[in-house]
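Asker: Under the numbering used here, the first residue of the sequence shown carries the number 2, and numbering increases by one thereafter.
No residue lacks a Cβ here, since even glycine has one placed at the ideal position from N, Cα and C.
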Amino acid sequence: MTKGTNLNRQAESQELARAAIEQTLQKLRTAFREHDASALSGIYVDDADWTNAFGTTRHGRDEIISYLRGLFADAHFAAGRPVGAPELAVRFVTDDVALAKTYVEIQGQQTVAGGVLPMRRNHSLKVLSRQSDGRWLIVSEIFMDARDDSTYVES
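#1: On the three-state DSSP scale, how would you describe residue 14?
#2: Determine, for residue 156, whether the minimum Cβ-Cβ distance to residues of chain D falls below 7 Å.
#3: Should the segment 103 to 114 be regarded as contacting the segment 74 to 94, the criterion being three or more beta carbon pairs within less than 8 Å?
#4: Quick one: what's got a C-beta closer than 7 Å to residue 101's C-beta in the same chain, skipping five residues either side?
#5: With 16 other CB atoms within 10 Å as the buried threshold, where does residue 55 fall?
#6: Looking only at its chain, what residues have a beta carbon closer than 6 Å to the beta carbon of residue 39, apart from the 5 residues adjacent to it on each side?
#7: For residue 150 versus residue 121, is the C-beta distance shorter than 7 Å?
#8: Which partner residues of residue 108 appear in the DSSP bridge assignment?
#9: For a test of the three-state rule: what should DSSP assign to residue 72, helix, strand or coil?
#10: To the nearest whole angstrom, what separates the beta carbons of residue 68 and residue 82, a pair I think is in contact under 8 Å?
#11: What does a CB cutoff of less than 6 Å around residue 73 pick up in its chain, not counting 5 residues either side in sequence?
#12: Taking DSSP as the reference, what is the three-state secondary structure of residue 22?
#13: Where does residue 41 land, buried or exposed, given buried means 16+ other C-beta within 10 angstroms?
#14: Using a Cβ-Cβ cut-off of 6 Å (strictly less than) and excluding sequence neighbours within five positions of residue 62, which residues of its own chain qualify?
#15: Have a look at the DSSP bridge pairing and note the partners of residue 134.
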């Protein structure tokens with residue numbers, strides 16, 4: 002087998018993996034858009050960790066889903082809507098581990114007191130791992146919002 006053939010197979014394998022990752026992330030986006038926490042059971046590994054842009058951290062799939070069930074039921078959270086399609090970049094760390102960076106803008110989300118948040122420019126970083134059945138599940142997920150103030154100006 003030639004080096005070129007191996008590279009072609011590796012590229013094919015990564016494209017199949019990328020499609021499976023995108024399928025997992027599409028299920029995640031749909032669950033968030035429809036506020037359906039029950040759809041998340043096939044998204045996270047049992048011992049996943051999750052941190053939102055406000056610093057709330059949860060450990061374990063059941064704890065994450067329980068938190069999101071409450072969040073999805075909250076009218077202030079539910080007032081927010083994505084503006085446009087999310088951006089996605091996938092990078093493979095190994096054949097069985099990948100990073101997924103996403104960006105989405107969210108308009109209309111409210112504070113607990115009902116005030117409307119400015120447009121949220123939300124980034125997330127997800128670590129996904131290939132399972133023995135070929136699915137890619139989230140192992141770790143962290144969100145952050147871009148800020149308008151800065152601490153450094155590049156010269």
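Answerer: The structure says:
#1: Reading the sequence shown from its first residue, position 13 is the one you call residue 14. Three-state DSSP puts residue 14 in a helix.
#2: Structure shown: chain D not included; a single protein chain is present.
#3: yes
#4: Your numbering for residue 101 matches position 100 in the sequence shown. Within the same chain, residue 101 has close Cβ partners 22, 26, 89, 91, 127, 129.
#5: Translated into the one-based positions of the sequence shown, residue 55 becomes position 54. By the neighbour-count rule (16 or more Cβ atoms within 10 Å), residue 55 is not buried but exposed.
#6: By 1-based counting over the sequence shown, the position of residue 39 is 38. Closer than 6 Å at the Cβ level, and outside the excluded window around residue 39, lies no residue.
#7: Your numbering for residue 150 matches position 149 in the sequence shown. Your numbering for residue 121 matches position 120 in the sequence shown. No, they are not a contact pair.
#8: Position 107 of the sequence shown, counted from the start, is the residue given in the question as residue 108. Per DSSP, 82.
#9: As a position in the sequence shown, residue 72 is number 71, starting the count at 1. Helix at residue 72.
#10: As a working mapping, residue 68 is identified with position 67 in the sequence shown. As a working mapping, residue 82 is identified with position 81 in the sequence shown. Rounded, the Cβ-Cβ distance is 21 Å, inconsistent with contact.
#11: For this step, residue 73 is matched to residue 72 along the sequence shown. Once the five neighbours on either side are set aside, the close Cβ partners of residue 73 are 36, 38.
#12: Here the question's residue 22 lines up with position 21 in the sequence shown. It is helical.
#13: For this step, residue 41 is matched to residue 40 along the sequence shown. Burial call: buried.
#14: As a working note, residue 62 is residue 61 in the sequence shown. Cβ neighbours of residue 62 beyond the five flanking positions: 45, 47, 49.
#15: Against the sequence shown, residue 134 aligns to sequence position 133. Beta-bridge pairing links residue 134 to no other residue.
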